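**Q** Could you have a look at this structure, given as structure tokens, before my questions?
Protein chains: 2
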Amino acid sequence: MTMVSVDKGGSRSDRTKAAILTAARARFAAHGYERTTIRGVAEDARIDPSMVMRYYGNKAQLFDAALAIDLRMPDLSNVSADDLPRTLVRHFLTRWEGDPADDALLVLTRSAVTNEHAAARMHDVFATQVAPALAAAVGPEVAARSAGLVSAQLLGLALTRYLLRLPAVTALTPDQIERSLAPAIAATLKPT
Amino acid sequence: MTMVSVDKGGSRSDRTKAAILTAARARFAAHGYERTTIRGVAEDARIDPSMVMRYYGNKAQLFDAALAIDLRMPDLSNVSADDLPRTLVRHFLTRWEGDPADDALLVLTRSAVTNEHAAARMHDVFATQVAPALAAAVGPEVAARSAGLVSAQLLGLALTRYLLRLPAVTALTPDQIERSLAPAIAATLKPT
DNA sequence: GTCTATAATTCGATAGAC
DNA sequence: GTCTATCGAATTATAGAC
Numbered sequence: 114m115t116m117v118s119v120d121k122g123g124s125r126s127d128r129t130k131a132a133i134l135t136a137a138r139a140r141f142a143a144h145g146y147e148r149t150t151i152r153g154v155a156e157d158a159r160i161d162p163s164m165v166m167r168y169y170g171n172k173a174q175l176f177d178a179a180l181a182i183d184l185r186m187p188d189l190s191n192v193s194a195d196d197l198p199r200t201l202v203r204h205f206l207t208r209w210e211g212d213p214a215d216d217a218l219l220v221l222t223r224s225a226v227t228n229e230h231a232a233a234r235m236h237d238v239f240a241t242q243v244a245p246a247l248a249a250a251v252g253p254e255v256a257a258r259s260a261g262l263v264s265a266q267l268l269g270l271a272l273t274r275y276l277l278r279l280p281a282v283t284a285l286t287p288d289q290i291e292r293s294l295a296p297a298i299a300a301t302l303k304p305t
Numbered sequence: 114m115t116m117v118s119v120d121k122g123g124s125r126s127d128r129t130k131a132a133i134l135t136a137a138r139a140r141f142a143a144h145g146y147e148r149t150t151i152r153g154v155a156e157d158a159r160i161d162p163s164m165v166m167r168y169y170g171n172k173a174q175l176f177d178a179a180l181a182i183d184l185r186m187p188d189l190s191n192v193s194a195d196d197l198p199r200t201l202v203r204h205f206l207t208r209w210e211g212d213p214a215d216d217a218l219l220v221l222t223r224s225a226v227t228n229e230h231a232a233a234r235m236h237d238v239f240a241t242q243v244a245p246a247l248a249a250a251v252g253p254e255v256a257a258r259s260a261g262l263v264s265a266q267l268l269g270l271a272l273t274r275y276l277l278r279l280p281a282v283t284a285l286t287p288d289q290i291e292r293s294l295a296p297a298i299a300a301t302l303k304p305t
């Protein structure tokens, strides 16, 4: 798990910093902001808790650093309107099925539900990454009208399948989800 | 705020218990399980923190009591398949627009994202209240196949509009949501 | 650059006076 | 039935030795 990212060229402190960040991201994803402790992060990173303070100042700043993440949204500008829903559902399913415990968007979502700061970050991510990616595919007008509810549907999947693990949703195969959710997203993209 | 609900007939202790429960529900809804403190609940209820312990034993049991709630799902057995999606969306929109900060399902969702116990409760609520109500309308087979994703879409709305308050979703009117989300739910109910 | 020791808070929970 | 006082545990954060 948790590819530590980066950097054979890094100094020892760089590697320590990266290890802390990886551990923090995993803990924030698994338990949310309140329940992750600096001690726990330090333990996962195999270093002393005081190192976390040294490099990141305090828990809030560590959280910020852990959330400074690129969602790696796919380029949707060459996807036809017909293919868009399926492409979207597939993209997120692939991401989340792979390593749900470490996905940036799931980390953010879990914490944003009970943490104002994380919620503000979520707003940023949506405005600067999700909405533009959608607008590239369907145009600014349709995106302005439907990006919110399309996101609601995708985050609804994230919520029920990966955060709450509702049996009725975890029981479905990725294929079943794709066949059922893609037409739904297509419906909200259609003009009313 | 926080109408203390109830009960002229109640003894003084009954009124105190009810006041505690109301305050607890509001706090759990606003901040989730971890961040609500017994001290805070007691302050809202205008009583001493030790009263909370006296009546509810501990924080976990207080949480349980706060979540022992009937979702008041509507009777869907006489709703036609065509009307079902719109009926569902309307039902939940009406509930949530009224008093989002005190709605049982939102309380539960906010806490369930970071609390195992609340998540287990959520599974219960889904299995005993949501799924049967759906099955009454569309039959057990369709319900078994689609109840999970229908719930995902409704909870996605709850998540983005009331918990995260994403501007792209809060900007929509209830009518716009109904017109856009009802066809989406209809699409996931259709056989693939 | 890493660790020990500890200060300062916060909170859940208990004991007991009135 | 309500409140005062306080314990014990957990946690963030700091100071400083090595």
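Going line by line, the protein sequences match chains F and L.
For the first sequence, the positions run 114 to 305 when this note's numbering is used.
For the second sequence, the positions run 114 to 305 when this note's numbering is used.
C-beta atoms are modelled at their ideal positions from N, C-alpha and C, and glycine is treated no differently.
Fair warning: this is a prediction, and the values are worked out from it, not measured in the lab.
Output, in sequence order along the chain, the residues in the stretch 126-137 of chain F whose CB is closer than 8 Å to any CB in chain L.
**A** Result list empty, no residue passes.
**Q** Give the interface partners of L/R234 over in chain F, defined as CB-CB distance under 8 Å, in chain order.
**A** Going along chain F, no residue has its Cβ under 8 Å from L/R234, so there is no contact; the nearest lies around 10 Å.
**Q** Helix, strand or coil for L/P198? Go by DSSP, reduced to three states.
**A** helix
**Q** Give the DSSP-derived three-state secondary structure of F/M186 in the structure shown.
**A** coil
**Q** Let's test the definition: count the other Cβ atoms within 10 Å of the Cβ of F/A233 and tell me whether it reaches 16, buried, or not, exposed.
**A** exposed
**Q** Give a yes or no on whether 8 Å exceeds the smallest Cβ distance from F/T227 to chain L.
**A** yes
**Q** Span of the alpha helix (DSSP H) holding L/Y146?
**A** 125-148
**Q** Name, going along the chain, the residues of the stretch 146-158 of chain F whose beta-carbon falls closer than 9 Å to a beta-carbon of chain L.
**A** Y146, E147, R148
**Q** For F/I182 and F/V238, I'd like the C-alpha separation in whole angstroms.
**A** 9 Å
**Q** Looking only at C-alpha atoms, which of L/D157, L/L262, L/L294, L/L279 sits nearest to F/Q289?
**A** For the residues L/D157, L/L262, L/L294, L/L279, the minimum Cα distance to F/Q289 belongs to L/L262.
**Q** Straight-line CA distance for L/K130 to L/Y168?
**A** 7 Å
**Q** So does the stretch 199-208 of chain L actually touch the stretch 293-300 of chain L, counting three or more Cβ pairs closer than 8 Å?
**A** By the Cβ criterion, the stretch 199-208 of chain L is in contact with the stretch 293-300 of chain L, since at least three pairs of Cβ atoms, one from each stretch, lie closer than 8 Å.
**Q** Could you work out which residues of chain L lie near F/I290, taking near to mean beta carbons separated by less than 8 Å?
**A** L262
**Q** Between L/A257 and F/A281, what straight-line distance do the alpha-carbon atoms span, to the nearest angstrom?
**A** 8 Å
**Q** Pick helix, strand or coil for F/D216, following the three-state DSSP scheme.
**A** coil
**Q** Mind pulling the chain L residues with CB within less than 7 Å of F/G252?
**A** Those within 7 Å of F/G252 in chain L number zero; the least Cβ separation is about 16 Å.
**Q** Rounded to the nearest angstrom, what separates F/I298 and F/D216 at their Cα positions?
**A** 22 Å
**Q** Under the rule that 16 or more other beta-carbon atoms within 10 Å means buried, what is F/Q174, buried or exposed?
**A** exposed
**Q** Could you name the residues of the same chain whose beta carbon sits closer than 7 Å to that of L/A194, not counting the 5 residues immediately before and after it, in chain order?
**A** Cβ within range, chain order: V251.
**Q** Since F/R278 meets chain L, which of its residues come closer than 9 Å, beta carbon to beta carbon?
**A** A232, H236
**Q** Verify the CB distance criterion: does F/Q242 have a CB-CB separation below 8 Å to chain L?
**A** no
**Q** Drop a sphere of 10 angstroms on the beta-carbon of F/N228, count the other beta-carbons inside from all chains shown, and report buried for 16 or more, exposed for fewer.
**A** buried
**Q** Pull up the distance between the alpha-carbon of L/S190 and that of L/S224, whole angstroms please.
**A** 31 Å
**Q** Give the residues of chain F in contact with L/F176, contact being defined as C-beta atoms less than 9 Å apart.
**A** Correct list: empty, because the minimum Cβ distance to chain F is about 14 Å.
**Q** Can you find a CB in chain L that lies within less than 8 Å of the CB of F/R223?
**A** yes
**Q** List, in order along the chain, the chain L residues whose C-beta lies closer than 9 Å to that of F/T305?
**A** Q289, R292, S293, P296
**Q** So, are the CB atoms of F/A265 and L/L221 less than 8 Å apart?
**A** no
**Q** Thinking F/R335 and L/E147 are a contact (beta carbons under 8 Å), I'd like their distance in whole angstroms, please.
**A** Since the first residue of chain F shown is 114 and the last is 305, residue 335 of chain F is not available in this structure.
**Q** With a threshold of 6 Å on Cβ separation, who are the neighbours of F/A137 within its own chain once the five nearest residues in sequence on each side are excluded?
**A** Within its own chain, the residues whose Cβ lies closer than 6 Å to the Cβ of F/A137, once the five positions on either side in sequence are excluded, are V154, L175, A179, listed in chain order.
**Q** Could you name the residues of chain F that L/H144 contacts, counting a contact when the two beta carbons are closer than 8 Å?
**A** T227
**Q** Alpha carbon to alpha carbon, what distance is there between L/D161 and F/D184?
**A** According to the sequence as given, residue 184 of chain F is Leu; it is not Asp. Computed Cα separation, rounded: 47 Å.
**Q** Would a check of beta-carbon distances place L/A281 closer than 8 Å to chain F?
**A** yes
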